[in-house]
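Visitor: Chains as they are written, first to last, in this note's numbering: chain A, 3 to 160; chain B, 12 to 81.
To start, I am sharing the structure in question, which I have written as structure tokens.
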């Protein structure tokens, strides 16, 4: 009996999860399409003089705004996780509490410790990524300068 | 630099993978040490294992979802 309910609920969980993910993905795609169309419309309406007042060109501005739109899409796609993951964790905590009593709170302890560790690691990963990004920029610049110098030397040789 | 990056990524995965294992370990150790008369029968062990296994997916995805949206 208990096993039957468990399997039934597990299947319902899978179905609801997949259905929510599907709906949210479609919503995210729709939102992305609408935002991109609106963005392009607005950008084409910008006066050419705007570029003179701004540091960025219209193309650069469009790239930045498109990245923002991508972030909005990602947020909408991930919305299901923001609801389903905490709900699952709370559910598991309640199940464990009912099964083994206060010892089930070990899950909460481990989750808190793992969460803090993940946060710290994420910070370090982002710092290393930023450092790598700067170095990559420098390397690209050096390569460009080197190739340009080679080209200049070749021209001088000719 | 790349080594450091991959080391952090591996530790990050390790932390995620250790959550269910550590939880199960802690629960069983606490049960055994505090209650000597407890009978760790197959049903109890498998029930706890199935409950704790449910945390694997959320722990993997939650932080990524939070950091990508905030």
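Beta carbons are placed, not taken as given, at the ideal position from N, Cα and C, and that holds for glycine.
I need the boundaries of the alpha helix (DSSP H) containing residue 117 (chain A), first residue and last residue.
Guide: Counting from 1 along the first chain, the entry for residue 117 (chain A) is found at position 115. Note, residue 117 (chain A): alpha helix (DSSP H), 108-159.
Visitor: For residue 35 (chain A), count neighbouring C-beta atoms within 10 Å of its own C-beta (all shown protein chains included) and say buried if the count is 16 or more, exposed if not.
Guide: In the first chain, counting from the first residue as 1, residue 35 (chain A) sits at position 33. Per the 10 Å Cβ criterion, exposed.
Visitor: If we call anything under 8 angstroms between Cβ atoms a contact, is residue 78 (chain A) one with residue 33 (chain A)?
Guide: As a first step, residue 78 (chain A) must be located in the first chain, where it is residue number 76. As a first step, residue 33 (chain A) must be located in the first chain, where it is residue number 31. Their beta carbons are under 8 angstroms apart, which means residue 78 (chain A) touches residue 33 (chain A) by this criterion.
Visitor: Closer than 8 angstroms, CB to CB, is residue 21 (chain A) near chain B or not?
Guide: Here residue 21 (chain A) is taken as the residue at index 19 of the first chain, counted from 1. Taking Cβ atoms only, chain B never reaches closer than 8 angstroms to residue 21 (chain A), which makes this a no.
Visitor: Measuring alpha carbon to alpha carbon, tell me which residue in B:72, B:75, B:76, B:56 is nearest residue 32 (chain B).
Guide: By 1-based counting over the second chain, the position of residue 32 (chain B) is 21. Of B:72, B:75, B:76, B:56, the residue nearest in Cα terms is B:56.
Visitor: Taking all protein chains shown into account, do 16 or more other C-beta atoms lie within 10 angstroms of the C-beta of residue 76 (chain B), making it buried, or fewer, making it exposed?
Guide: Translated into the one-based positions of the second chain, residue 76 (chain B) becomes position 65. The residue in question, residue 76 (chain B), is buried, as its Cβ has 16 or more Cβ neighbours within 10 Å.
Visitor: Does the CB of residue 90 (chain A) have a neighbour CB from chain B at under 8 angstroms?
Guide: As a working mapping, residue 90 (chain A) is identified with position 88 in the first chain. Interface residue, yes.
Visitor: Whole-angstrom Cβ separation of residue 43 (chain B) and residue 124 (chain A), contact assumed at under 8 angstroms?
Guide: Here the question's residue 43 (chain B) lines up with position 32 in the second chain. Here the question's residue 124 (chain A) lines up with position 122 in the first chain. No, residue 43 (chain B) and residue 124 (chain A) are not in contact; Cβ-Cβ is about 35 angstroms, not under 8 angstroms.
Visitor: Using alpha carbons as the reference points, say which of B:45, B:66, B:72, B:65 lies closest to residue 102 (chain A).
Guide: In the first chain, the residue the question calls residue 102 (chain A) occupies position 100. Here the closest residue by C-alpha is B:45.
Visitor: Output the distance between the C-alpha atoms of residue 67 (chain B) and residue 30 (chain B), rounded to the nearest integer angstrom.
Guide: For this step, residue 67 (chain B) is matched to residue 56 along the second chain. For this step, residue 30 (chain B) is matched to residue 19 along the second chain. Computed Cα separation, rounded: 8 angstroms.
Visitor: Touching or not, the region 68-78 of chain A and the region 15-35 of chain A, by the rule of three or more beta carbon pairs under 8 angstroms?
Guide: Because the criterion of three Cβ pairs below 8 angstroms is met, the region 68-78 of chain A and the region 15-35 of chain A touch.
Visitor: Could you give the distance in angstroms between the alpha-carbon of residue 90 (chain A) and the alpha-carbon of residue 69 (chain B)?
Guide: Counting from 1 along the first chain, the entry for residue 90 (chain A) is found at position 88. Counting from 1 along the second chain, the entry for residue 69 (chain B) is found at position 58. Rounded to whole angstroms, residue 90 (chain A) to residue 69 (chain B) spans 7 angstroms at the Cα level.
Visitor: Please state whether the Cβ-Cβ distance between residue 26 (chain B) and residue 108 (chain A) is less than 8 angstroms.
Guide: Within the second chain, residue 26 (chain B) is the residue found at index 15, counting from 1. Within the first chain, residue 108 (chain A) is the residue found at index 106, counting from 1. Against a cut-off of 8 angstroms, the Cβ pair of residue 108 (chain A) and residue 26 (chain B) comes out as no contact.
Visitor: How far does the alpha helix (DSSP H) with residue 38 (chain B) in it extend, from its first residue to its last?
Guide: By one-based count along the second chain, residue 38 (chain B) stands at place 27. 13-45 is the extent of the alpha helix (DSSP H) around residue 38 (chain B).
Visitor: For chain B, is any of its Cβ atoms less than 8 angstroms away from the one on residue 145 (chain A)?
Guide: Start at 1 with the first residue of the first chain, and residue 145 (chain A) comes out as number 143. Chain B contact via Cβ: absent.
Visitor: With a cut-off of 8 angstroms, does the C-beta of residue 106 (chain A) fall near any C-beta of chain B?
Guide: Translated into the one-based positions of the first chain, residue 106 (chain A) becomes position 104. Closer than 8 angstroms to some Cβ of chain B, the Cβ of residue 106 (chain A) qualifies, so yes.
Visitor: For residue 60 (chain B) versus residue 35 (chain B), is the C-beta distance shorter than 8 angstroms?
Guide: Taking the second chain and counting its residues from 1, the one referred to as residue 60 (chain B) is at position 49. Taking the second chain and counting its residues from 1, the one referred to as residue 35 (chain B) is at position 24. The Cβ atoms of residue 60 (chain B) and residue 35 (chain B) lie closer than 8 angstroms to each other.
Visitor: Give the residues of chain B in contact with residue 99 (chain A), contact being defined as C-beta atoms less than 8 angstroms apart.
Guide: Numbered from 1 along the first chain, position 97 holds the residue referred to as residue 99 (chain A). One finds nothing in chain B with a Cβ atom closer than 8 angstroms to the Cβ of residue 99 (chain A); even the nearest lies about 10 angstroms away.
Visitor: Take residue 66 (chain A) as the anchor and find which of A:135, A:86, A:42, A:104 has the nearest alpha-carbon.
Guide: Start at 1 with the first residue of the first chain, and residue 66 (chain A) comes out as number 64. Answer by Cα proximity: A:42.
Visitor: What residues of chain A sit near residue 19 (chain B), judged by a beta carbon separation below 8 angstroms?
Guide: Taking the first residue of the second chain as position 1, residue 19 (chain B) is located at position 8. The answer, in chain order, is 123, 126, 127, 130.
Visitor: Residue range of the alpha helix (DSSP H) that residue 48 (chain B) falls in?
Guide: As a first step, residue 48 (chain B) must be located in the second chain, where it is residue number 37. Premise fails: residue 48 (chain B) is in no alpha helix (DSSP H) and is neither H nor E.
Visitor: Closest to residue 27 (chain A) by CA distance: which of A:5, A:82, A:46, A:153 is it?
Guide: Translated into positions along the first chain, residue 27 (chain A) becomes position 25. Nearest C-alpha to residue 27 (chain A): A:82.
Visitor: What is the C-beta distance between residue 106 (chain A) and residue 38 (chain B), in whole angstroms, given that I count them as a contact (C-beta under 8 angstroms)?
Guide: Indexing the first chain from 1 puts residue 106 (chain A) at position 104. Indexing the second chain from 1 puts residue 38 (chain B) at position 27. So it is a contact: roughly 7 angstroms between Cβ atoms.
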